[in-house]
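*Asks:*
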Amino acid sequence: MQPVIYNVLKEYFTEIHSNPIKARIMSPINKEDIFVFQTSLYYKNYNSNDAYEPSASFTSFATAERHLLQYLEEFQSALDMGGSIAKGSMI
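1 is the number of the first residue of the sequence shown in the numbering used here; add one for each residue after it.
(1) What did DSSP end up calling ALA86 once you bin it into helix, strand or coil?
(2) What are the uninterrupted segments assigned as beta strand (DSSP E) that are 3 or more residues long and contained completely in the stretch 8-51, given in chain order?
(3) Per DSSP, which residues does TYR6 bridge with? Please list them.
(4) Use the C-beta contact count for GLN38: other C-beta atoms within 10 angstroms, 16 or more gives buried, fewer gives exposed.
(5) Between the C-alpha atoms of PHE75 and TYR42, what's the straight-line distance to the nearest angstrom?
(6) If I'm right that ALA64 touches PHE58 with Cβ under 8 Å, what's the distance once you round it to whole angstroms?
(7) From the DSSP output, read off the bridge partner residues of PHE58.
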């Protein structure tokens, strides 16, 4: 399997419950019509042992950005409801 090189298109820095989170939207160099995002931390719901790790790819930057922002909102809601934090991507 060949490694994939990504262009970082946009980075976000935010803080949720005093936890700094770095997120980025990226696109593979050889496939400019595919977009993914990754975050430095993941969240766990209060009733789950597994972290919710986003793993979707999108066909437009706007859709990827919308899903990233939705993920960050869900992250805050999960912590508000007693969830916890899990280590995310090494970004």
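Even glycine gets a Cβ: it sits at the ideal position worked out from N, Cα and C.
*Replies:* Reading from the atomic positions:
(1) As a first step, residue 86 must be located in the sequence shown, where it is residue number 86. Correct three-state label for ALA86: strand.
(2) 19-28, 36-39 and 41-44
(3) In the sequence shown, counting from the first residue as 1, residue 6 sits at position 6. PRO28, per the DSSP bridge assignment.
(4) To locate residue 38, count along the sequence shown from 1; it is residue 38. With 16 or more Cβ atoms within 10 Å of its Cβ, GLN38 is classed as buried.
(5) Stepping through the sequence shown from its first residue, residue 75 is reached at position 75. Stepping through the sequence shown from its first residue, residue 42 is reached at position 42. Going from the Cα of PHE75 to the Cα of TYR42 covers about 8 Å.
(6) Within the sequence shown, residue 64 is the residue found at index 64, counting from 1. Within the sequence shown, residue 58 is the residue found at index 58, counting from 1. Confirmed, Cβ separation roughly 4 Å.
(7) Sequence index remark: in the sequence shown, residue 58 carries index 58 (1-based). Note: PHE58 sits in a beta bridge opposite PHE35.
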